[in-house]
Amino acid sequence: MKWYERITKIDRRIIYLLLTSLVILPFFVKVTIPQNIMPQTKRLFDFIESIPPNDKAVMISFDYTPQTQPECHPMAKALLRHCFSRGIPVIGLSYDPQAPGLALDAITSIAQEFDSLAAINDDSFDYGVDYVYLGWKSGRIAAQLDMGEEIVGVYPRDYFGNVIDSFPLMNKVRNYKNVAIVVIISSADYPLDWIRYPQTRYGVNVGAGLTAVMAPKYYPFLQTGQMSGMMSGMKGAAEYEKLVFDHGYARTLGTAETGMNSQSMIHILIMIFIILGNVGYFFSRRGKKGKTGDIRE
Amino acid sequence: MSSDPWIWIGAFLTLMIFSFLYKDNPFYKFGEHLFVGVANGYYIVFYWQNSLRPNLFEPLGAGEFIYVVPLLLGLMYFTRFIPKISWLVRIPIGFMIGWGAGLSIPAYFQAEVLRQLEGTVVAPTSFSNPTSGVWSLFILIGVICTLIYFFFSKEHKGVLGHTSRLGIIFIMIGFGASFGYTVMARVSLLIGRVQFLLGPWLGLID
Amino acid sequence: MKRKLPLAICFLMGIVMIVQFFIPHPVSLEFGSVIYRWVIVLTAFALVLAIGNLIRHHTYKISKRKEDWPYSIVTLAGMTGMAAIGLVWGVDPESLYQKIYLNVMAPLGATMFALLAYYMASAAYRAFRARSLEATLLLVSAFIVMIGFMPFGQYIHPRFPAFAEWVMQVPNMASQRGILLGVAFGSIATALKIILGIERSWLGGKE
Numbered sequence: 034m035k036w037y038e039r040i041t042k043i044d045r046r047i048i049y050l051l052l053t054s055l056v057i058l059p060f061f062v063k064v065t066i067p068q069n070i071m072p073q074t075k076r077l078f079d080f081i082e083s084i085p086p087n088d089k090a091v092m093i094s095f096d097y098t099p100q101t102q103p104e105c106h107p108m109a110k111a112l113l114r115h116c117f118s119r120g121i122p123v124i125g126l127s128y129d130p131q132a133p134g135l136a137l138d139a140i141t142s143i144a145q146e147f148d149s150l151a152a153i154n155d156d157s158f159d160y161g162v163d164y165v166y167l168g169w170k171s172g173r174i175a176a177q178l179d180m181g182e183e184i185v186g187v188y189p190r191d192y193f194g195n196v197i198d199s200f201p202l203m204n205k206v207r208n209y210k211n212v213a214i215v216v217i218i219s220s221a222d223y224p225l226d227w228i229r230y231p232q233t234r235y236g237v238n239v240g241a242g243l244t245a246v247m248a249p250k251y252y253p254f255l256q257t258g259q260m261s262g263m264m265s266g267m268k269g270a271a272e273y274e275k276l277v278f279d280h281g282y283a284r285t286l287g288t289a290e291t292g293m294n295s296q297s298m299i300h301i302l303i304m305i306f307i308i309l310g311n312v313g314y315f316f317s318r319r320g321k322k323g324k325t326g327d328i329r330e
Numbered sequence: 081m082s083s084d085p086w087i088w089i090g091a092f093l094t095l096m097i098f099s100f101l102y103k104d105n106p107f108y109k110f111g112e113h114l115f116v117g118v119a120n121g122y123y124i125v126f127y128w129q130n131s132l133r134p135n136l137f138e139p140l141g142a143g144e145f146i147y148v149v150p151l152l153l154g155l156m157y158f159t160r161f162i163p164k165i166s167w168l169v170r171i172p173i174g175f176m177i178g179w180g181a182g183l184s185i186p187a188y189f190q191a192e193v194l195r196q197l198e199g200t201v202v203a204p205t206s207f208s209n210p211t212s213g214v215w216s217l218f219i220l221i222g223v224i225c226t227l228i229y230f231f232f233s234k235e236h237k238g239v240l241g242h243t244s245r246l247g248i249i250f251i252m253i254g255f256g257a258s259f260g261y262t263v264m265a266r267v268s269l270l271i272g273r274v275q276f277l278l279g280p281w282l283g284l285i286d
Numbered sequence: 006m007k008r009k010l011p012l013a014i015c016f017l018m019g020i021v022m023i024v025q026f027f028i029p030h031p032v033s034l035e036f037g038s039v040i041y042r043w044v045i046v047l048t049a050f051a052l053v054l055a056i057g058n059l060i061r062h063h064t065y066k067i068s069k070r071k072e073d074w075p076y077s078i079v080t081l082a083g084m085t086g087m088a089a090i091g092l093v094w095g096v097d098p099e100s101l102y103q104k105i106y107l108n109v110m111a112p113l114g115a116t117m118f119a120l121l122a123y124y125m126a127s128a129a130y131r132a133f134r135a136r137s138l139e140a141t142l143l144l145v146s147a148f149i150v151m152i153g154f155m156p157f158g159q160y161i162h163p164r165f166p167a168f169a170e171w172v173m174q175v176p177n178m179a180s181q182r183g184i185l186l187g188v189a190f191g192s193i194a195t196a197l198k199i200i201l202g203i204e205r206s207w208l209g210g211k212e
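Residue numbers (our numbering), protein chains in the order written: chain A, 34 to 330; chain B, 81 to 286; chain C, 6 to 212.
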């Protein structure tokens, strides 16, 4: 077998082994490469930065599944840290049936962090005052539209079964007029529904944290201003973590940042494999052309 | 290493699915079928707790008899199993499809047609910054050529042929960018699993 | 009657929802809310139907001893067990139901998606060939994005990340918008055809 044929026939198990090794290696050989921040991530960050504290709330729709947790969970945590650090109240909700467990994990872990910080500062950080998790609702389009009139009509009780009228936060935030932005952290096309329905009817600002697969599709909405910013994939999560860290809202970078080194290695590996495959292909074509005087595929 | 049995269960199930990379085997099949079963059980409880009980049975119990209408419509779904009256299943389907179609038309127009056309149109104000004005023109040409490529009612010859060729160039650049992002997405999922195995399970990383 | 009644209901619902969108009066909004709640209930009934189909499929496989029938027992046991645990012991954050969700369902689902990384790498190596101008453009664009958005991209050239961002914001955005507009026009046309009864494939059946 000629060398150019050999390089197109590498066994798939070798590819799998190389891939696995290069994912694992950066966890033990730590190299810090500074992130460059994409404009759409900065736009979302700046929007949240511009919201005055204790004024309007940020509504976060946690709509990702365990399958996309590595990309979306760090986004959720970084965004929560940002909002809580700035004193911006957060209303959480979900429309994906698999999301509430992950939403609760993100909210409770960050809330506990701020609760312990508040205790040190002789302050308080309370459920119902600083944040509320409304839970999951089916018929999302209906719920999204109805919240434009009154949130309590859609969610009479929160995820834990408490009457939401009893919360000071929900007495302040009655509908979208009291919501600065809705950020949808999603692994499906949930942001499109927010743009099509509540934004069209009520003019609510929309931001998103999306898996990298979906991000290219949403650039037209960024350009028209229908979206006020976007985090794209694990890179977007790492960028937001960096912005939050650089502004002093977090003491450490998160899990997305540590995953970026593995990302870089795998990207290089895949590009090398594609180049190898194409080099082998072109030399095979040339070899066949030399023999027959004609190009055959 | 973790001492939490739940972490060990998660780790073993992860390795069972990864075993498919070598070849299909009983461990993978077990994990796959367990996932289907547990996921369906999850949805049953979820929809009962969050959908049927609060939106149908509780209002009916409280005397709001208007909810008999959705109850009857919902029960009509099961008529598909009774051949003599199976045509009744078309009623709830017609209700849902009509509702969805009617709701979507103005929403699609506003959000995806009018606003997107607004963003594509090049006006003199676009050239307030010359560079962004040039790119706005580029985008306009790209959008028109892409739309022309997907117009199959006329043969792609002459002017139509050239513009659709330009359209395919834009589409290929767009698909290439999407592929790049897709690589990032898929690798992220693998990194997440490896982080779980190395971290919470084996305790080798923070 | 068997076709006319559903078509009439579809037409009525379609027209009502279009008109309702443009009337901001409280009565119209309340009407919309009531209809929305009915849709929630109907969605849940559709799930009941789907679960019934799954049970039917797997019990048939077991009764007829079809290939891999023991795994059907795993599926049915998993479904029954999870449903029973959730319905009997509740769904609180500390419940067994949530523990099974986080430690059984989540790892299984996440790992299935993680396998895609391997398949994608193998497929890209075997099939991604620059056979034509279009394929070459796709390849080059993919490389630009893959390099530009990684931290090391800025060390190849300081403006590489900005160039990758330009590729996303200009040519990619143009093609995505063209596709978005095409899909929107198609969806609106299909929705109109359904409401007006021109598209009747959803009726199924002969009579």
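Where a beta carbon is used, it is the ideal one built from N, C-alpha and C, also for glycine.
Here the structure is a predicted model, which is why all the values come from computation and not from measurement.
Any C-beta of chain A under 7 Å from that of residue i
i                 : result
Met81 of chain B  : no
Ile60 of chain C  : no
Arg164 of chain C : no
Arg170 of chain B : no
Arg205 of chain C : no
Asn218 of chain C : Outside the displayed range of chain C (6 to 212) lies residue 218 of chain C, so it cannot be described from this structure.
Supposed close pair residue i, residue j - CB separation, criterion 8 Å
i                 : j                 : result
Gly256 of chain B : Ser146 of chain C : 3 Å
Ala179 of chain C : Thr226 of chain B : 7 Å
Ile214 of chain A : Val91 of chain A  : 6 Å
Met180 of chain A : Asn208 of chain A : 6 Å
Ile113 of chain B : Val79 of chain C  : Looking at the sequence provided, one finds His at residue 113 of chain B rather than Ile. That belief holds up - the Cβ atoms of His113 of chain B and Val79 of chain C are roughly 4 Å apart, short of 8 Å.
Met293 of chain A : Ile218 of chain A : No, Met293 of chain A and Ile218 of chain A are not in contact; Cβ-Cβ is about 19 Å, not under 8 Å.
Chain C within 7 Å of residue i, Cβ atoms only
i                 : result
Ser131 of chain B : yes
Ser142 of chain A : no
Ser171 of chain A : yes
Ile66 of chain A  : yes
Leu136 of chain B : yes
Arg329 of chain A : Its pLDDT being 47, under 50, Arg329 of chain A is placed unreliably by the model, and the measurement read from it follows with that caveat. Judged by the 7 Å Cβ criterion, Arg329 of chain A is not in contact with chain C.
Pro249 of chain A : yes
Asp179 of chain A : yes
Gly134 of chain A : yes
Ile303 of chain A : yes
Cutoff 7 Å: residue i Cβ touching any chain B Cβ
i                 : result
Ala245 of chain A : yes
Trp74 of chain C  : no
Phe168 of chain C : no
Met143 of chain C : Note on identity: in this sequence residue 143 of chain C is Leu, with Met being the wrong assignment. Chain B, which has a Cβ nearer than 7 Å to the Cβ of Leu143 of chain C, makes this yes.
Lys69 of chain C  : no
Lys104 of chain C : yes
Thr43 of chain C  : Note on residue identity: the sequence assigns Trp, not Thr, to residue 43 of chain C. Judged by the 7 Å Cβ criterion, Trp43 of chain C is in contact with chain B.
Gly292 of chain A : yes
Residues sharing a beta bridge with residue i, DSSP
i                 : result
Arg25 of chain B  : Past the edges of chain B, shown from 81 to 286, lies residue 25 of chain B, and the structure says nothing about it.
Ala213 of chain A : According to DSSP, which records beta bridges pairwise, Ala213 of chain A is partnered with nothing at all.
Met263 of chain A : A:Ala241
Gly125 of chain A : A:Ile93 and A:Tyr166
Tyr160 of chain A : A:Tyr164
Ile218 of chain A : A:Phe95 and A:Gly242
Val196 of chain A : A:Arg190
Best match in the options for proximity to residue i [C-alpha to C-alpha]
i                 : options                                   : result
Met173 of chain C : A:Leu276, A:Ala176, A:Pro224 and A:Tyr251 : A:Tyr251
Phe115 of chain B : C:Met22, C:Thr116 and C:Val96             : C:Thr116
Gly210 of chain C : B:Ile87, B:Ser268, B:Ile285 and B:Ser166  : B:Ser166
Tyr273 of chain A : A:Tyr188, A:Val187 and A:Phe80            : A:Phe80
Val2 of chain C   : B:Phe158, B:Glu138, B:Leu132 and B:Leu278 : Residue 2 of chain C lies beyond the residue range present for chain C, which begins at 6 and ends at 212; the question has no answer from this structure.
Ala271 of chain A : A:Asp198, A:Met34, A:Asp96 and A:Pro103   : A:Pro103
Gly258 of chain A : B:Thr200, B:Ser244 and B:Asn135           : B:Thr200
Asp44 of chain A  : C:Met22, C:Ser38 and C:Ala126             : C:Ala126
For the stretch 304–314 of chain A against the stretch 67–80 of chain A, are there 3 or more C-beta pairs whose distance is under 8 Å?
no
The stretch 83–94 of chain C touching the stretch 98–109 of chain B, judged by at least three CB pairs closer than 8 Å:
no
Between the stretch 120–137 of chain C and the stretch 151–168 of chain A, do at least 3 Cβ pairs fall closer than 8 Å?
no
Sufficient close CB pairs (3 or more, under 8 Å) joining the stretch 181–196 of chain B to the stretch 228–244 of chain A:
yes
Would you call the stretch 235–245 of chain A in contact with the stretch 254–264 of chain A, where contact means no fewer than 3 C-beta pairs closer than 8 Å?
yes
Contact between the stretch 170–184 of chain B and the stretch 143–159 of chain B is defined here as three or more beta-carbon pairs at a separation below 8 Å; is this criterion met?
yes
Could you say if the stretch 180–196 of chain C and the stretch 263–276 of chain B meet the contact criterion of at least three C-beta pairs nearer than 8 Å?
no
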